[in-house]
Structure formats: structure tokens, C-alpha cells
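Top to bottom, those sequences are chains A and B. Read in this note's numbering, the first sequence has 1175 at position 27, and its numbers run on one by one without any break. Read in this note's numbering, the second sequence has 342 at position 60, and its numbers run on one by one without any break.
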Amino acid sequence: MELILEGIKKAFLLIFTFDPEVVGITLLSLQISGTATLISLVLGISVGATVALTQFSGRRFVVSLINTGMALPPVVVGLFVTISLWRNGPLGFMGLLYTPGAMILAQTVIATPIVTGISLAAIQQLPVKLQTQILALGATRFQMILILVKEAKLSLLAAVMAGFGGVISEVGASIMVGGNIKGYSRVLTTATVMETGRGNFDVAISLSIILMILAYLINLILTQIQQREKHR
Amino acid sequence: MSLEAPVLEVKNLEVIRGGVPVLSIPSLSIAESEVLFLIGPNGAGKSTLLQTLAALVKPSQGEIRFRGKKVGEDISLLSYRRRLAMILQEPLLFNTTVYKNVASGLKIRGMNKKEIEPIVIQTLDRFGISHLKDRSARTLSGGEARRTSIARAFATGPEILFLDEPFSALDPIIREAMMEDLEKVLRETGITTVFVTHDRIEALRLATRLGVMADGRIIQIGDVGEIMNHPENEIVASLVGVDTILQGKVIENRDRSVIISVSGKEIEAVGDIPPGTHVTLCIRPENVFITKTAPTGETSVRNTIKGRIDKIIPLGLYHKLSLDCGFPMVSYVTHHSLSSLLLKPGEEVFASFKATAIHVIQRKN
């Protein structure tokens, strides 16, 4: 019990004194997961909207593939991204392994199916006749897709939350492809794993608290936007 | 361009889905300022025809000409669609303000805010929804949402208006108000309109021409009164509100009137049809009068048939009486008649109708 209390006390000290290492790790986490989420939004919404709005053979299979992808274990993603980026691997020439870039790549692979699946469902939930109505208003097909995405924006915010939430808290892939290199590829989750292993519970607890606060704040902001939109 | 040039002209239009023809329109021409109503049962192809005319469904074959120009060749699908408007059964408003909804068609056409504003303000005013302009479309009542969707359609100044059962989901009072509004706007603008509905009352009120559809075809098209009183066949008859449709055989032909045997009973109708011909009789329910005792004395009512009340269904102002006269008959009675005659199911009554109230269709074979 004393261990935990002592840990929490030290943790707050580290946070409120803006310990440079803790701040650095936090910023890097935000940067990597934020970038990965942004890329996955662009990819996921495009693919999700396309699949939602087109009929093609094998569509069911693609949809089930996307849904399976939503539950992709980060460790498996880490493994395959590591193999791909390995010196003799297909993407080895990029020299990305054990860099923040590799982490962004891995996190994008994790977040994209989540965003795709939610976007797909969100756009499919819109009334079918809405497409007819938009085209009848004189829209080109591209304008129609933009309007539909805009109409589904509340559900798409859920995609942002789920995608970001998934990657900021993910540890398996980050540690495998990033290597948890101090000051370079060490993020909140990988640092927590390491500090816990070393028995530095105070640091581990402080990192966990920051992680939880971050996740909470970002969801709070998005929820605020969502609720405001709803009541407008 | 001659004055008579039709706004829309359709030739050999066909839509085939999964190998099955769902729409087949050999020819159809819609004139400037015409209000064409299309009625028909579900699955008759009304909506498909409307969407094909609006270039939203690609026909399997055939051509559509808009003011003489072939759609898809002389005029692009997009330019054509930007000259028409469509109002569907659901208002399908965008999740934004009423103002932005009404502005949406103009924005899609690439107009800037300054160009859009006066048009939207004028349109909002015309449809009496100026006070709603900053409201979210999500918070509107059914009638307000409908007005907004109509305003959105009119804002772009369409040359043809397509309506697909726009009021069928509304309650009768709002529906009545919407019909009045639409009637006014159609009269003011003289816009060419194609209106799909299954409510013949709407058609009676606004149509300049009526088309009856079934199985993907237009089976009768013409003047409203003509179709209501002289339906070409049973399908048309039932669609335009003829509830009593009887099968019979002509047994006697006297100077311009015929006696027809229906389930052993004789009915007199107007016509010149040779005896032995099989015919279908159509009688509108409002032309069948109900009495408790057989009418006596000289009367122009040639037919009086004894029957029993099967069912009484209230229809607002009227009650619909289903009678068993050896064959089914339907009559409308007012609430007043119902209570003064003490009409109840099981009761014996007399159904009377004039010879001229019967429309006789000769059956082939």
C-alpha cells in the first residue's frame, strides 16, 4: 500500500515539475499517435465511403475483412511491420525500423481498419434515398460523397476517438518497431512497460496517469463537439 | 423553337433489372406548365419512371429529350439534372440550418455566398419559413421540414419539378395545408410538374393530366375526368376509386340501354352492346344510395337491389358500407345518414343507382 501511495506522490511531483523526460515522452506519444490517426482518417474515410457506396462482387468479403481488421492484435501488426521493415524485408530499403516513422506506420495499420469500419457503418446508416436527393440537387458524384461524409460527421467523430484511443494506448507494436529508444522512440506506453519492469513504480505510475488524462481529455473534447453538433 | 415543343419527350424507354423489365414506356410527352399525375399501385414503376425521367436511373434503352435535346448527348446528365428538382417522400434535409438547406442546391452549383443570399431569402419568404432560417433542420416539425425541402427544391429555379409521394407520410391536416401551398406555387410559377402518388384525391385536385400505371407501363393517360368516369379496364377503375367492379353478361339491348345479368340479378346501364357480350361494370361508391325501404314511384334511378350490410368503415366525413347483394357492392354514406337510418352490420337495405352511373367495359373474348 505504501509503495502505491509513495508512487502516486512521486508521480504528481514528476508531472507538476514538468520533468523534461516525462514531457518529452508525452509529446512524442501525441505526435506519433496523432499523425497515425490523421493518416488513418484520410485512408479509412475514403475506403469506408467507397465501399459503402459501391456495389461490387466480393463486397461482403471486403466488409468482413474490414471488420476483422478492427480487432487486429497490435502485437501481430508489430510482428509484420517489423518483418517488412527488416533490412532484407520488402520495405527494408526505407531504413525505418526502430524510428518514430516505423511506429507511425504500425499505428496507422492498427487505426485504419477501425476508422474504415466505423466510416463504412456510418455512411451505410444514412438513408439510401439521400443519395438520390443529393444527385437530384445537381451534385456530381464527388460532391455527393463529400456531402454524405459531412452528414455522417457525428459518427465519424466516433471513428476519430476509437482510432486515437486504440493507438495511444497500444504498446505491443510500438515497442517492437520503435525499440523504445530513450529520447527518440520512447512513448508513454513503452516507457511504462520498461519502468515497471525495472521496479520504478513512481515513474510508471506518473506515465500511466498522464496516459489516462490524455485519453480522457481527447475524448472529452470530441464528446463536447459531438454533443454540441447534436443539439444545434 | 415552336411553342408546342414539349419540355420532356420520351421514346421507347425501358428499364430492365436482373433481366426483368420493370419499366416500359413506348412514348410520353410532357408539355410546358403541365401538371402530370401518375397513379398506380406499389411496384407499378411510378418511382422508377420518375427517377429515369430525372436522369437518376439509367434506362436500359430508349431516349429522353429535354426541350428537344437528347439527354446524355446534346445535354449532359449533370446540366440536365441542374435544371430540374425532385422532392421525395421523406424531406431528407441535411443536418444543418434551414437556411443552409435551402441554399444547398445553389452551393452545389458553385454559386458564392453573395449570389446565394438574396435567392435563399426570397425563397424562405415565399414558403413562409423565414422565421425558421437559423433553426437546425433536426428540430423541425413534419410540416416545417416538408416546407424546407420544397423550398430547397424551388431555390434553384427548376424547369421541371418531380414529386414522389411527397405528402403521403403526413397527417391529414398538415397534408391539406401542404397541398394548398403547393397548388399556389404551381399556379404562380407555372412550372412543369410530374407528380407520383397513390392518392387519387391529390390527383383530382392538381392534375391537368392523369396517367395510370401498372406493371411498369402507363395503361391509360389523359384528362382527369375522362379517366375517372371512363376507366379503360378494371385495374384503372379500382385505382381511380371505383370500388364496385362487377362481372356480367348483356342479356338485352333496348334502344341505347342494356340489361346486364350479374349473379342472376338484372342491372340496367346505358350503352349499345350486343346481347351475349361479357362486360365489367364499374360503379363509384358515391353514386350508390342507401335506403331502408324500396324507393317507390317515378324515379330516374333505374336500379334498386336488396342487400345486407356486411361492414361499416368510418372514413372521416364518410362511412364506407360494404354490402352483400349476392355480389359485393360499396357505398359511401354521410355520418348523418348513418345515424338517421340506424344502419348497422347485418341490416337489410336497398342500394339504388342510376343507369348513367354505371361505366360498362366490354371484355375481350
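All C-beta atoms, glycine included, are put in the ideal place defined by N, C-alpha and C.
Going by CA-CA distance only, name the one from the options that's closest to residue i.
i       : options                            : result
Y614/B  : S412/B, D497/B, G598/B             : G598/B
D446/B  : Q502/B, I403/B, L374/B, L422/B     : L374/B
L1278/A : T1264/A, K1298/A, S1267/A, A1259/A : K1298/A
S386/B  : L1285/A, I1231/A, T1344/A          : L1285/A
E372/B  : S431/B, D407/B, H601/B, E568/B     : S431/B
I591/B  : T575/B, T581/B, V612/B             : V612/B
Q1374/A : L1244/A, S1303/A, M1251/A, P1221/A : S1303/A
E550/B  : T526/B, A639/B, L625/B             : A639/B
P288/B  : L310/B, G553/B, G300/B             : L310/B
A1307/A : L1365/A, D1350/A, F1228/A, L1268/A : L1268/A
M1324/A : I1282/A, I1252/A, N1367/A          : I1252/A
R363/B  : P440/B, Q502/B, S539/B             : P440/B
G504/B  : T438/B, E316/B, V561/B, D416/B     : E316/B
P1221/A : I1258/A, R1289/A, F1241/A          : I1258/A
N1367/A : P1168/A, L1305/A, A1339/A          : L1305/A
L332/B  : K531/B, V476/B, S412/B             : V476/B
G425/B  : T405/B, I572/B, D463/B             : D463/B
V380/B  : I403/B, L360/B, N394/B, K396/B     : I403/B
V478/B  : A313/B, T405/B, N394/B, T330/B     : T330/B
K1157/A : G1243/A, M1342/A, S1188/A, I1357/A : I1357/A
With residue i and residue j assumed to form a contact (beta carbons below 8 Å), what rounded beta-carbon distance in angstroms separates them?
i       : j       : result
R347/B  : E291/B  : 4 Å
Q1255/A : A1321/A : 7 Å
G1425/A : G1313/A : Here chain A has residues from 1149 to 1380 only, and residue 1425/A is not among them.
T1264/A : G1155/A : Incorrect: roughly 40 Å between the Cβ atoms, too far for contact.
G507/B  : I500/B  : With a Cβ gap of about 18 Å, G507/B and I500/B do not count as contacting.
A336/B  : F449/B  : Incorrect: roughly 19 Å between the Cβ atoms, too far for contact.
Helix, strand or coil: how does DSSP classify residue i here?
i       : result
P288/B  : coil
N585/B  : strand
I555/B  : coil
M648/B  : Since the first and last residues shown for chain B are 283 and 647, residue 648/B lies out of range.
Y362/B  : helix
A1352/A : helix
N294/B  : strand
I473/B  : coil
G344/B  : strand
F376/B  : coil
Q1372/A : helix
M283/B  : Because M283/B carries a pLDDT of 43, less than 50, the predicted location of this residue cannot be relied on, and the following value inherits that uncertainty. Reduced to three states, the DSSP call for M283/B is coil.
P627/B  : coil
L597/B  : strand
V615/B  : strand
D592/B  : strand
V353/B  : strand
F635/B  : strand
P513/B  : coil
I567/B  : The question names Ile, yet the displayed sequence has Pro at residue 567/B. Three-state result, P567/B: helix.
T1288/A : coil
T479/B  : strand
P400/B  : helix
P610/B  : strand
A336/B  : coil
Could you spell out the range, first to last residue, of the alpha helix (DSSP H) harbouring residue i?
i       : result
S309/B  : Segment 302-312 is the beta strand (DSSP E) holding S309/B; no alpha helix (DSSP H) there.
V1210/A : 1207-1217
I517/B  : 516-521
Q1272/A : 1248-1272
P1222/A : 1222-1233
A1300/A : From DSSP, A1300/A is part of no alpha helix (DSSP H); its letter is neither H nor E.
L452/B  : Where L452/B is concerned, there is no enclosing alpha helix (DSSP H), given that its DSSP letter is neither H nor E.
Please report the residue range of the beta strand (DSSP E) in which residue i lies.
i       : result
H641/B  : 640-644
F319/B  : 317-321
S604/B  : 600-606
V544/B  : 539-544
T1340/A : It is not in any beta strand (DSSP E) - T1340/A instead sits in the alpha helix (DSSP H) that spans 1336-1346.
I572/B  : 571-573
Could you please give me the residues that DSSP links to residue i through a beta bridge?
i       : result
G1313/A : Answer by DSSP bridge pairing: none, since G1313/A is not bridged.
I679/B  : No statement about residue 679/B is possible, as the shown extent of chain B runs from 283 to 647 and does not include it.
G530/B  : V561/B
A1197/A : Its beta-bridge partners do not exist; DSSP assigns none.
N535/B  : V540/B
Q502/B  : V494/B
I442/B  : L366/B, T474/B
K223/B  : The shown model of chain B, from 283 to 647, leaves out residue 223/B, and the question about it has no answer.
R299/B  : V302/B
S418/B  : T379/B
Can you find a heavy atom of the ligand FAD that lies under 7 Å from the Cβ of residue i?
i      : result
H512/B : Summarising the ligand content, the structure contains no ligands, and the ligand FAD is consequently not present.
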